[in-house]
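Numbering (our numbering), first residue to last: 54 to 450.
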């Protein structure tokens, strides 16, 4: 008989401090990717709850931004004031938050410092990122064909959308893939500092090039992927730096979160009201905003406990923001077919748009999860086997 004080392996408790370093042990077994994280790069561990919920909030805000754009076009809301401020300042912040979260989990769970590890990581990330990219691209082309009078997309249109000018939200996927391709995990704080300096240099360079009248026309002719990588590498590297330098203990207090939030709101209102929005001001707002979100969510979910609302929302993060615009386009077509116009019933159209933005993505994802393995088209990481070679030094103990 086992000693009375022995505990079964399944009853192992997490560390008292959920942000304590996680070191691999001989008994650490590969675990499936987190079902609550957008790309399944981490594990379902309490110390990552704040990251999952931060991503879910950003997805909800992006979807809400699509709804506000629809509402201003339909008539219930004016395209001015706080609505315009949110569209110009708040909603653009959410993709830098996505890049930050990806960098944070990448540094936390991956060890990519050899050619073999790089190849294995890129193989996995190509599936995780390009499968939903192609899925949403095909859906976008199909919806555009329906809403545009049934004109089927030609080969040049498909090529242009996939490689040259992807629909704005979908550009996130190839940009994120390139960031993984050019960024090894940092082995030391010195490595991380050099990485941050390189990413900051790219950010400053692209901001200067796009801001100066003499260089702006040339910079704007750069391929979109070059501009996007140069603009967003700093957020990805910043997430890695926060993970390695353990900055979160310095940020995760409600007082600091409120102070950073007040600073971001004040800065955004001043720049918006004064008409100073541009490359430089957006860089400043995004920097303050990303730190604010990290502070806010790491403080709010410091215990690692998950609540019911976020437990539900974080399961559909990946479906919310790309499907919301498509649902709105189909809603407009459906309302028009029923003879309902925005001018005649603006608030009815707004209610229909609300369902399309938040109800339709959940319904689509739920259906795909229950039909074979079609959920793979949106959440490939949930169907991929664990990658023990890539989670070699930061497993949960």
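All residues carry an ideal CB built from backbone N, CA and C; glycine is no exception.
- Residue 113 is not a Cβ neighbour of residue 147, given a cutoff of 7 Å.
- Per DSSP, reduced to three states, the secondary structure at residue 396 is coil, with no helix or strand assignment.
- Within the same chain, 418, 421, 422, 435, 436 come within 8 Å of residue 428 by CB-CB distance, once the 5 residues on both sides are set aside.
- In the structure shown, residue 426 adopts coil according to DSSP, grouped into three states.
- Uninterrupted alpha helix (DSSP H) stretches at least 4 residues long and entirely within the segment 101-186 occur at 102-127, 134-138, 147-162, given in chain order.
- Around the beta carbon of residue 400, fewer than 16 other beta carbons lie within 10 angstroms, which makes this residue exposed.
- Nearest in C-alpha terms to residue 356, of all of 387, 332, 103, 264, is 103.
- Taking a cut-off of 8 Å on C-beta distances, the segment 340-360 touches the segment 92-108, as three or more cross pairs fall below it.
- Taking a C-beta distance under 7 Å as the contact criterion, residue 343 and residue 313 do not qualify as a contact pair.
- Within the segment 353-385, not a single complete beta strand (DSSP E) segment reaches 3 residues in length.
- In the three-state reduction of the DSSP assignment, residue 287 falls in the helix class, which pools H, G and I.
- Per DSSP, residue 438 lies in no alpha helix (DSSP H) segment and is marked neither H nor E.
- Pairing residue 311 with residue 89, the inter-Cα distance amounts to about 26 Å.
- The segment 325-332 makes contact with the segment 136-153, as at least three CB pairs between them are under 8 Å.
- Under the three-state reduction of DSSP output, residue 387 falls in the helix class.
- Taking every protein chain shown into account, the CB of residue 107 has 16 or more other CB atoms within 10 angstroms, so this residue is buried.
- Distance between residue 318 and residue 426, taken at the CA atoms: about 43 Å.
- Taking C-beta separations shorter than 6 Å and ignoring five residues to either side along the sequence, the partners of residue 226 in its chain run 182, 186, following chain order.
- Ranking 220, 184, 378, 367 by CA distance to the CA of residue 430 puts 184 first.
- Distance from the Cα of residue 232 is smallest, within the candidate group 270, 194, 179, 195, for 179.
- In this structure, 262 is the residue among 230, 262, 188, 384 with its C-alpha nearest to the C-alpha of residue 272.
- Residue burial annotation: residue 241 is exposed, with fewer than 16 other C-beta atoms found within 10 angstroms of its C-beta.
- For residue 331, the closest C-alpha among the options 353, 354, 284 is that of 284.
- Residue 349 carries a helical assignment under DSSP once its states are collapsed to helix, strand and coil.
- Burial state of residue 256 is buried, judged by a 10 Å Cβ sphere holding 16 or more other Cβ atoms.
- For the pair residue 406 and residue 120, the CB atoms are nearer than the 7 Å cut-off.
- In this structure, the straight-line span from the alpha carbon of residue 248 to that of residue 388 is close to 51 Å.
- Contact between residue 384 and residue 409 holds: CB atoms are separated by about 4 Å, below the 8 Å threshold.
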